[in-house]
Amino acid sequence: MPKKNNVVPLVVIGFKDETAFVRGIAKEFGVAPQFAVTKKYKAGESAVSIPAPVGKKTVVAANAWEDPRWIFNLLLLLGAEVEAGAKEVILIAPWIAYGRQDRAAKPGETSAGETIAGALLSTGVDKIITLDAHSPRFMKFFKGRLQNIRATDAAAAFASKHKINAVAAADLGARERALEVSQKLKASMIQITKKRLKSGSVESGLLKGDAKNKRVLIIDDIADSGETLFKAAEILKRKGAVYVSAFVSHAVCLARLKKEGRKRGLDNIFTVFDHATRSLNAPFNLFVPTRQK
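Position 30 of the sequence shown, counting from 1, maps to 20 under the numbering used here, and the rest follow consecutively.
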């Protein structure tokens, strides 16, 4: 572990598995990136070490992926920076897994979202920056240390490029995001409802708004199977929409969603963060509003 007195003003560090992301964040801060060294012992245990020097202010650029080993390594990295003497540790993680499990689904379960938030905070991290956290409930688990970045400006830019004149919320949870985008565009607003059936399938219905002859952009935070978007697109097309696209902050696999979407009435889909390729389709300064000197 580096000596506590070997300190520079700022360090940006992450994992080599996310090299492009770490380099992009480091460039915005005007410093060279550092990479943590991970090790796995024969017994299966993990170890993470950090290079010298330590940053007085340290930015950890790393997503909190679903894989338990990845999350554990991230916890070790954050803890190592704190113990090495960093005065401020900031985690930039566009994706924090388990946010959709912000409550126990049934008796005998616990909230995985609350558990992961508690684990991250236990490292001593001072601030966490993420992209469109799933819900206000999930955000509350971070006790004021989570900064939630919304992709509404990127959504509005995409909408303008594709001549969108109506914005649809994929479900009630997406209403606030969709309303913000519609106001930026001065476009009409459409609300779609979603009900998840016991079978796991999705049932959607148009709640409010007129889609006839409209070019519609559906807004949601994440697309996994894409069923919510596909059902919404089918409804909008039946109601007379001439063009339907979707903008999601997170896509589990953009290529698959596009392929399936074309069969289901979804003309186009854009995401800020494609999880399958781990590519950020937006400027890195989305997470670094002010260039650090």
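We put the CB at the ideal spot given by N, CA and C, even for glycine.
By the three-class DSSP mapping on this structure, what secondary structure does residue i have?
i, result
"P23", "strand"
"Q173", "helix"
"R268", "coil"
In whole angstroms, what is the alpha-carbon distance linking residue i and residue j?
i, j, result
"I3", "R90", "27 angstroms"
"K184", "P41", "48 angstroms"
"D200", "D214", "27 angstroms"
"G45", "N258", "43 angstroms"
"F19", "C243", "29 angstroms"
"A107", "D211", "19 angstroms"
"S101", "R93", "5 angstroms"
"T267", "L81", "21 angstroms"
"L162", "I225", "16 angstroms"
"L256", "A236", "7 angstroms"
"N(-5)", "A76", "Model confidence at N(-5) stands at a pLDDT of 48, short of 50, so the residue's coordinates are unreliable and nothing is read from them."
"N271", "D143", "13 angstroms"
"P273", "A141", "11 angstroms"
"A164", "P43", "43 angstroms"
"A74", "A245", "41 angstroms"
"A26", "A156", "46 angstroms"
For residue i, is the classification buried or exposed, using 16 other Cβ atoms within 10 angstroms of its Cβ as the cut-off for buried?
i, result
"R228", "exposed"
"G195", "exposed"
"T113", "buried"
"G14", "buried"
"R59", "exposed"
"T9", "exposed"
"S269", "exposed"
By Cβ distance below 6 angstroms, which residues in the same chain neighbour residue i in space, the five residues on each side in sequence not counted?
i, result
"E71", "T48, V79"
"K198", "Q181"
"V12", "G4, P23, A51"
"T28", "V38, N63"
"Y233", "R205, D257"
"A231", "A201, K204, V206"
Going by beta carbon distance, what residues of the same chain come within less than 8 angstroms of residue i, once the five residues before and after it are set aside?
i, result
"F62", "S36"
"F132", "A107, L110, L111, I118"
Looking only at its own chain, which residues have a Cβ that is under 7 angstroms from the Cβ of residue i, when we skip the five neighbours before and after it?
i, result
"A146", "V171, K174, L175"
If you measure from the beta carbon of residue i to each beta carbon in chain D, is any gap under 8 angstroms?
i, result
"T100", "Among the chains of the structure shown, chain D does not appear; only one protein chain is present."
Taking one C-beta from the segment 255 to 271 and one from the segment 173 to 182 each time, how about it: are there three or more such pairs within less than 8 angstroms? Under the Cβ criterion (8 angstroms, minimum of three pairs), the segment 255 to 271 does not count as touching the segment 173 to 182.
Flag this pair as touching only if the segment 142 to 154 and the segment 103 to 119 have three or more C-beta atom pairs under 8 angstroms; answer yes or no. The way I'd put it, the segment 142 to 154 doesn't touch the segment 103 to 119; fewer than three beta-carbon pairs between them come closer than 8 angstroms.
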